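Undergrad: Counting in full-length UniProt numbering, the sequence shown runs from 1 upward without gaps.
Cβ coordinates follow ideal geometry from the N, Cα and C atoms, glycine included.
Since we're looking at a predicted model, the values are computed, not measured.
Quick one: the structure is below, and I'll ask about it shortly.
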Amino acid sequence: MFKNFEINMEIVVGTYDEVLLGYKLIKSDEDVYELQQTFTDKSHSGCIKCVAAASNGTLASGSTDETIRIFNLKSNVELGSLLHHEGTISSLQFYKNSHMFSCSEDGSICIWSLKNWECLKTLRGHKGFVNAVSFHPSGKLALSVGQDKTLKTWNLVTGRAAFTTNIKQVGDGVVWSQDGDRYAVICDKKLDVYNTETAKVCCSMQAPGRIYAALFLTSQEIVYTGEGGIVYIHNISENREIKQIDTKTNRVRGLCCVRKKPGHSERSHLVTASSDGYIKVYNLDTDKVDQSDCELIVEHDTKFRLTCLTAIDIETSIGTSKVKEEQSEEETEAVQETNDDSNGERTTKKKNKKKRKKIQKSAETMPENKTKKTKTR
């Protein structure tokens, strides 16, 4: 009988059916992988639009029900709800283990403290739906795109918009590279990569269908996917496609890369979530993307219509987590603790619900889940 061990990788998907699903990646001593379900939760009363997780195990989910739900993945406990926004929650992102960014249909971007879940700042400037927000690695800048066809650069030290760029199309997504030297903007079927220093497009890609997700593997490689189920990996400097990964699904709605730890034998993992219900995990050598075979190591049919995905390597040491959290608070000088919005007006916050409940370990009413195990070569 195989001896299994956890890789500490947590995968969480949101669904059109208002359900959150959590999984852990398990590997046997015979190099056989499987996804083990850890929880199901049906706290939301609307379609789940976005999920995000911090390395300390904090999970957030946003929905059309206008609420953000907060969970602790280590203890499988729901911590409560954030009710500040007045519209669909469209995007969530954590900055280290200290702050969380949220944006909404109401045109606002909120910055939250993970210490006490206070809304430190409300950024206003977009006219209408804000589709996505992404922070610079320094924590001092952020980018946002929305239905008003603008790309806004925010100075997080002052809490005000520094620049507004007319991109002439609705921006569906935005993401920074790990070093902050580049950022990418998704507009329907087009993906533009910008040089941060010049704010000029340095590389542009056109997909056959709508792009739903993109991320930087390195400062030189970007990966994107969406309609058609193909994952594309592109070299930015050479402006050439490196490879394609056929997920054999119709539409990929979520994409994450969990990078290998220094000195660890495990390679990085590329994770996809498709609207037909499949979660797929691929092995990927991010140091040698050109030579990596992108091997499918496990796939799982959730039987739900998936809308979003997050995947992280959760810190297992509580002591290490606390040290990193303290360092994160010391390094983050960008956000000032104030309740004034970006226009200088006082905002009225709705009080957060303080409730804790155990996330369901299993779901008797859920459809039967099937995981296909793959033995690595």
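1. Compare the beta carbon distance of residue 445 and Val185 with 8 Å and say whether it is the shorter of the two.
2. Evaluate contact between the region 177-184 and the region 162-169, counting only Cβ atoms and requiring at least three cross-stretch pairs below 8 Å.
3. Since I believe His85 is in contact with Ser61 (beta carbons under 8 Å), could you give me their beta-carbon distance rounded to a whole number of angstroms?
4. Can you tell me whether Glu333 is buried or exposed? The criterion is at least 16 other CB atoms within 10 Å of its CB, across all chains shown.
5. Please state whether DSSP places Lys149 in a helix, a strand or coil.
6. Grab me the residues of Thr247's own chain with a C-beta within less than 8 Å of its C-beta, minus the 5 sequence neighbours each way, in chain order.
7. Return the first residue and the last residue of the beta strand (DSSP E) that Arg160 is part of.
8. Are the region 50-57 and the region 23-31 touching, with three or more C-beta to C-beta distances below 8 Å?
9. Among Leu35, Phe94 and Thr310, whose alpha-carbon lies nearest the alpha-carbon of Cys256?
10. Helix, strand or coil: how does DSSP classify Leu114 here?
11. Alpha carbon to alpha carbon, how far is Arg240 from Lys190?
12. Just mark Val19 as buried or exposed, buried being the case when its beta carbon has 16 or more other beta carbons within 10 Å.
13. Given this structure, state the Cα-to-Cα distance separating Gly128 from Ser104, to the nearest angstrom.
14. Give a yes or no on whether the C-beta atoms belonging to Ser108 and Arg124 are separated by under 8 Å.
15. By DSSP's criteria, Arg124 is part of a beta bridge. Which residues make up the other side?
16. Closest to Asp31 by CA distance: which of Ile312, Thr158, Arg267 and Lys96 is it?
17. Tell me whether Asn131 sits in a helix, a strand or coil according to DSSP, three-state version.
18. Under a Cβ-count criterion, where at least 16 other Cβ atoms within 10 Å of its own Cβ denotes burial, should Ser177 be classed as buried or exposed?
19. For Ser90, collect the residues of the same chain with a Cβ closer than 8 Å to its Cβ; drop the 5 residues on either side in sequence, then sort them by chain order.
20. Go through its chain and collect everything with a Cβ distance to Ala52's Cβ below 7 Å, but skip five positions before and after it.
21. Do you know offhand how far Asp287's Cα is from Leu270's?
22. Measure from the alpha carbon of Arg251 to the alpha carbon of each residue in Tyr212, Glu78 and Ser219, then state which is nearest.
23. If you drop the 5 nearest sequence neighbours on each side, which residues of the same chain put their C-beta closer than 6 Å to that of Pro137?
24. Going by other Cβ atoms of all chains shown within 10 Å of its Cβ, with 16 needed for buried, is Ala214 buried or exposed?
25. Indicate whether Cys294 and Ile245 have their beta-carbon atoms separated by less than 8 Å.
26. Rounded to whole angstroms, what's the CA-CA distance from Thr198 to Trp154? Just pull it up for me.
27. Using beta-carbon positions only, say whether Val13 and Leu306 come within less than 8 Å of one another.
28. How would you write the range of the beta strand (DSSP E) that Phe71 sits in, first residue to last?
29. List the DSSP bridge partners of Ile48.
30. Using only the alpha-carbon positions, how far apart do Cys203 and Glu66 sit?
31. Buried or exposed for Thr150, please, with buried defined as at least 16 other CB atoms from any protein chain shown within 10 angstroms of its CB.
32. Within the same chain, show all residues whose beta-carbon is closer than 6 Å to that of Cys110, passing over the 5 residues directly before and after it, in chain order.
33. Among residues of its own chain, excluding the 5 on either side of Lys42, which ones have a beta-carbon nearer than 7 Å to its beta-carbon?
34. Check whether the Cβ atoms of Val289 and Ile233 sit closer than 8 Å, and answer yes or no.
35. State the beta-bridge partners of Cys256 as determined by DSSP.
TA: Working from what's here:
1. The first residue shown for the chain is 1 and the last is 377, placing residue 445 beyond what the model contains.
2. The region 177-184, when compared against the region 162-169, does not touch it at the 8 Å Cβ threshold.
3. Between Ser61 and His85, the beta carbon gap of about 13 Å keeps them out of contact (Cβ cut-off 8 Å).
4. Per-residue confidence for Glu333 stands at a pLDDT of 43, beneath the threshold of 50, marking its modelled position as unreliable; the derived number appears in the next sentence. By the neighbour-count rule (16 or more Cβ atoms within 10 Å), Glu333 is not buried but exposed.
5. Note: Lys149 maps to coil in three-state DSSP.
6. For Thr247, where only same-chain residues beyond five positions count, the Cβ hits under 8 Å are Thr225, Gly229, Ile230, Val231, Thr272, Ser274, Tyr278 and Lys280.
7. Counting along the chain, the beta strand (DSSP E) containing Arg160 begins and ends at Arg160 to Asn166.
8. Between the region 50-57 and the region 23-31 there are fewer than three inter-stretch CB-CB distances shorter than 8 Å, so the stretches are not counted as touching.
9. Between Cys256 and the set Leu35, Phe94 and Thr310, the nearest pair of CA atoms involves Thr310.
10. Coil at Leu114, not helix or strand.
11. Roughly 15 Å separates the two Cα atoms.
12. Flag for Val19 reads buried.
13. Near 9 Å, if we compare the C-alpha coordinates of Ser104 and Gly128.
14. Taking 8 Å as the cut-off, the beta carbon of Ser108 is found closer than this to the beta carbon of Arg124.
15. In DSSP, Arg124 forms a bridge with Ser108.
16. Its Cα nearest to that of Asp31, the residue Arg267 stands out among Ile312, Thr158, Arg267 and Lys96.
17. Shown here, Asn131 sits in a strand according to DSSP, grouped into three states.
18. Answer is buried; the Cβ neighbour count reaches 16.
19. Excluding residues up to 5 positions away in sequence, Lys49, Cys50, Gly62, Cys103, Ser104, Glu105, Phe129, Val130, Asn131 and Ala132 lie with their Cβ nearer than 8 Å to the Cβ of Ser90 in the same chain.
20. Hits under 7 Å: Ala60, Leu92, Gln93, Phe94 and Thr310.
21. Separation of Asp287 and Leu270 (C-alpha to C-alpha, rounded to the nearest whole angstrom) is 14 Å.
22. Arg251 has its Cα closest to that of Tyr212, out of Tyr212, Glu78 and Ser219.
23. Cβ contact annotation for Pro137 (same chain, cutoff 6 Å, sequence separation greater than five): Gly180, in chain order.
24. Ala214 is classed as buried because its beta carbon has at least 16 other beta carbons within 10 Å across all chains shown.
25. Against a cut-off of 8 Å, the Cβ pair of Ile245 and Cys294 comes out as a contact.
26. Looking at the backbone, the Cα of Thr198 and that of Trp154 are separated by about 16 Å.
27. Val13 places its beta carbon less than 8 Å from that of Leu306.
28. Start and end: Ile68 to Asn72.
29. Paired residues: Ser63.
30. Taking the Cα positions, Cys203 is about 36 Å away from Glu66.
31. With at least 16 other beta carbons inside 10 angstroms of its own, Thr150 counts as buried.
32. The residues are His84, Ser102, Cys119 and Thr122.
33. So the qualifying residues of the chain are Glu18 and Val19.
34. Taking 8 Å as the Cβ cut-off, Val289 and Ile233 qualify as a contacting pair.
35. Note: Cys256 sits in a beta bridge opposite Val271.
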